[in-house]
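Residue numbers (mature numbering (1 follows the signal peptide of the UniProt record, and there is no 0)): -18 to -1, 1 to 172. Remarks on the structure that follows.
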Amino acid sequence: MLVLALIWSVALSYEVQCIEEEDGQCVRCPRGYIVNQRLNACVWNRASEPPIICPEGYFLDKGLCTLCHSSCETCTGSAEPNGCTVCAQGYYPAFTEASGLCIPCSTSHGVVAGIPGCVHCARDGDSLYCFERRQLKSNLATIRKTLVISLVVLVLALFSSLILIFAGGSKIKHRQRRLPVRYVARHKMV
């Protein structure tokens, strides 16, 4: 029974979209897949060749891997621009569901204002953030400078603290050595 459950879970992991449906029921699947009536979906036919798994940026269409739209990094079963699941670099999602349209960073859409000349962006609610390589390099240079200056200040503070500890410690020891001499000198005079 455990082996059967394992085989069933492997079969389910290779589920793909139907090629043809009639009355909401799947009737035809891509090559290497069969209709599973219980799931109303196409699952890998273990008796045939291994399942076709398309690389990122492609989707399975009638047994062939087809390129997603250029605005999509990954997509559902469509080469249309509204089938994106992850947007390509230079685009931001105009969708809140699992898939939808990706808009160029420089283009406004709805309440989101595009940023002219932007090559890489991220959307956060109604705001759009543009990240340019030039800006990233200057930010890294600023961070490096800040780290170097902080490190120099830390070393100087540590060095100053050590000097104060050793200088202050030697004065205390010096006073401790003089006390017995003064004490002895007073007793001799009396």
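C-beta atoms are modelled at their ideal positions from N, C-alpha and C, and glycine is treated no differently. Just so we're clear, the structure is a prediction, and the values are computed from it rather than from any experiment.
For the putative contact between Ser53 and Cys69, defined by C-beta atoms under 8 Å, what is the C-beta separation to the nearest angstrom?
In the sequence shown, residue 53 corresponds to position 71, counting from 1. In the sequence shown, residue 69 corresponds to position 87, counting from 1. Taking C-beta atoms under 8 Å as the contact rule, Ser53 and Cys69 qualify, at a distance of about 7 Å.
Among the residues of its own chain, which have a CB less than 6 Å from the CB of Cys47, if the five just before and after it don't count?
The count along the sequence shown starts at 1 and reaches residue 47 at position 65. If we look at Cys47 and ignore the five residues flanking it on each side, its Cβ neighbours are Cys36 and Tyr40.
Drop a sphere of 10 angstroms on the beta-carbon of Ile147, count the other beta-carbons inside from all chains shown, and report buried for 16 or more, exposed for fewer.
As a working mapping, residue 147 is identified with position 165 in the sequence shown. That one is exposed.
Test item: CB-CB of Ser81 and Cys66 under 9 Å
Here residue 81 corresponds to residue number 99 of the sequence shown, with the count starting at 1. Here residue 66 corresponds to residue number 84 of the sequence shown, with the count starting at 1. Taking 9 Å as the Cβ cut-off, Ser81 and Cys66 qualify as a contacting pair.
Measuring only the C-alpha atoms, how far is Lys44 from Leu83?
Position 62 of the sequence shown holds residue 44. Position 101 of the sequence shown holds residue 83. Distance from the CA atom of Lys44 to the CA atom of Leu83, rounded to whole angstroms, is 23 Å.
Evaluate Ala76 with the Cβ neighbour count: other Cβ atoms within 10 Å of its Cβ, from every protein chain shown; 16 or more gives buried, anything less gives exposed.
For the purposes of this step, residue 76 is taken as the residue at position 94 of the sequence shown. The residue in question, Ala76, is buried, as its Cβ has 16 or more Cβ neighbours within 10 Å.
Let me confirm a value: Tyr74 is counted as buried when at least 16 other C-beta atoms fall within 10 Å, else exposed. Which label applies?
For the purposes of this step, residue 74 is taken as residue 92 along the sequence shown, with counting starting at 1. Within 10 angstroms of the beta-carbon of Tyr74 lie 16 or more other beta-carbons, which makes it buried.
Inter-residue spacing [alpha-carbon to alpha-carbon] between His102 and Leu42
Position 120 of the sequence shown, counted from the first residue, corresponds to residue 102. Position 60 of the sequence shown, counted from the first residue, corresponds to residue 42. Counting only the Cα atoms, Leu42 lies some 28 Å from His102.
Residue range of the beta strand (DSSP E) that includes Ile1:
In the sequence shown, residue 1 corresponds to position 19, counting from 1. Counting along the chain, no beta strand (DSSP E) covers Ile1, and no H or E run does either.
C-beta atoms of Asn22 and Gln(-2) nearer than 9 Å:
For the purposes of this step, residue 22 is identified with residue 40 of the sequence shown, where counting begins at 1. For the purposes of this step, residue -2 is identified with residue 17 of the sequence shown, where counting begins at 1. Annotated as distal: Asn22 and Gln(-2), with beta-carbon spacing of 9 Å or more.
Whose C-beta lies closer than 6 Å to the C-beta of Gly96 among residues of the same chain, with five residues either side of it excluded?
Residue 96 sits at position 114 when you count from the first residue of the sequence shown. Once the five neighbours on either side are set aside, the close Cβ partners of Gly96 are Ser88, Thr89 and Ser90.
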